[in-house]
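Written below as structure tokens is the structure these notes are about.
2 protein chains.
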Amino acid sequence: MNEIRVGGMRFALDLSQPLYEQVLEQVRSSIAKGEIALGEKIPSVREMAQALKINPNTVMRAYQELERDQLTETRRGQGTFITTDAGKVSHIRHRLAEEAVTEFLGRMNSLGFTAADIASILKAKGDGAK
Amino acid sequence: MNEIRVGGMRFALDLSQPLYEQVLEQVRSSIAKGEIALGEKIPSVREMAQALKINPNTVMRAYQELERDQLTETRRGQGTFITTDAGKVSHIRHRLAEEAVTEFLGRMNSLGFTAADIASILKAKGDGAK
DNA sequence: TAAGTGTATTATATCACTTAATACACTTAG
DNA sequence: CTAAGTGTATTAAGTGATATAATACACTTA
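Here's what the structure looks like:
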């Protein structure tokens, strides 16, 4: 496992997806799960880039998307910090969940599965896990 | 609605995704849902390309992927036909469902939702529909 | 024989992604 | 004040996936 730890987060980048999206999703996941405290500073663009062995511009792109979603606040000369507003975290978390659900149901529907089918499948899946 | 009907299937192509994937998924969906009978002929590469106003090579790419999954059989000089083997359709259908479920649960988990949360969300979603 | 099939090839163009190299404005520790 | 470390912007280049275009060939059927 080519796993890299930086700033209390775990990264395992691959080429199946844009790098900036993977960085974005990993940081976002850490915030959503509360693995990073509100208000906490995350690694600088350059530090993150060096740790992950990718270009600073690529990290920037991920960081800018985080800020657009108001999950982070950037202070010029200081760094990038997780928002202190728990409401914003909750808001984004539910928005992303909504998107995931919608896409999932769309895919299942295009395969001809009904809502009942889906519930049944997920139940079986849940029971299987220990 | 830039909707195009061809060979008993509906197509609404956009630029959010590769064209060949959209064609592939639409045909596959029609097969999975049983909207096209087993053994039936689907439009020729050229006919489909002309109807959708895209390049024949792009249609070919979609058709070849369908054949790799054994959802279709191609007969040189005759055309492309849906498989007559219902088992193969069922197999692919469940494989794709499995993939969709796995990806969905992964995304929800990265957002910090438990299996119980997910069940609750889907239930609410289902009740909301009609 | 002609028209319609799938298939292959070569070339070109575009776009997203990534890297690289700088440069600038700002903040803070010394 | 200075130096180091922040975020940010710009320009250039390379790569790969996607899509189009133009042909060509083998096969099947009316």
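Protein chains in written order, with full-length UniProt numbering: chain F, 1 to 130; chain D, 1 to 130.
Glycine residues also receive a C-beta, built at the ideal position from the N, C-alpha and C atoms.
Owing to the predicted nature of the structure, the values given are computational and were not obtained by experimental measurement.
Inset, instruction - Going by CA-CA distance only, name the one from D/ARG107, D/ALA97, D/THR114 and D/GLU103 that's closest to F/LEU111. - result: D/ALA97
Legend entry - Contact set between F/GLY126 and chain D, taken where Cβ atoms lie within less than 8 Å: ALA115 and ALA119
Legend entry - Chain-ordered residues of the segment 82-103 of chain D with a beta carbon less than 7 Å from chain F: ARG93, LEU96, ALA97, ALA100 and VAL101
Inset, instruction - Name the two residues that bound the continuous beta strand (DSSP E) containing F/ARG76. - result: Where F/ARG76 is concerned, there is no enclosing beta strand (DSSP E), given that its DSSP letter is neither H nor E.
Legend entry - Residues near F/ALA37 by beta carbon distance below 8 Å, same chain, minus five either side: ILE82
Legend entry - Of the residues F/GLU99, F/GLU67, F/HIS94 and F/GLY106, the one placed nearest F/THR84, counting alpha carbons only: The alpha carbon of F/THR84 has as its nearest neighbour, out of F/GLU99, F/GLU67, F/HIS94 and F/GLY106, the alpha carbon of F/GLU67.
Legend entry - Limits of the beta strand (DSSP E) - the one that F/ILE4 falls within: 4-6
Inset, instruction - Return the CA-CA distance between D/ILE121 and D/GLU21, expressed in angstroms with no decimal places. - result: 29 Å
Inset, instruction - Buried or exposed for F/SER90, please, with buried defined as at least 16 other CB atoms from any protein chain shown within 10 angstroms of its CB. - result: exposed
Legend entry - CA nearest to the CA of F/GLY126, picked from D/ALA116, D/GLU103 and D/GLY126: D/ALA116
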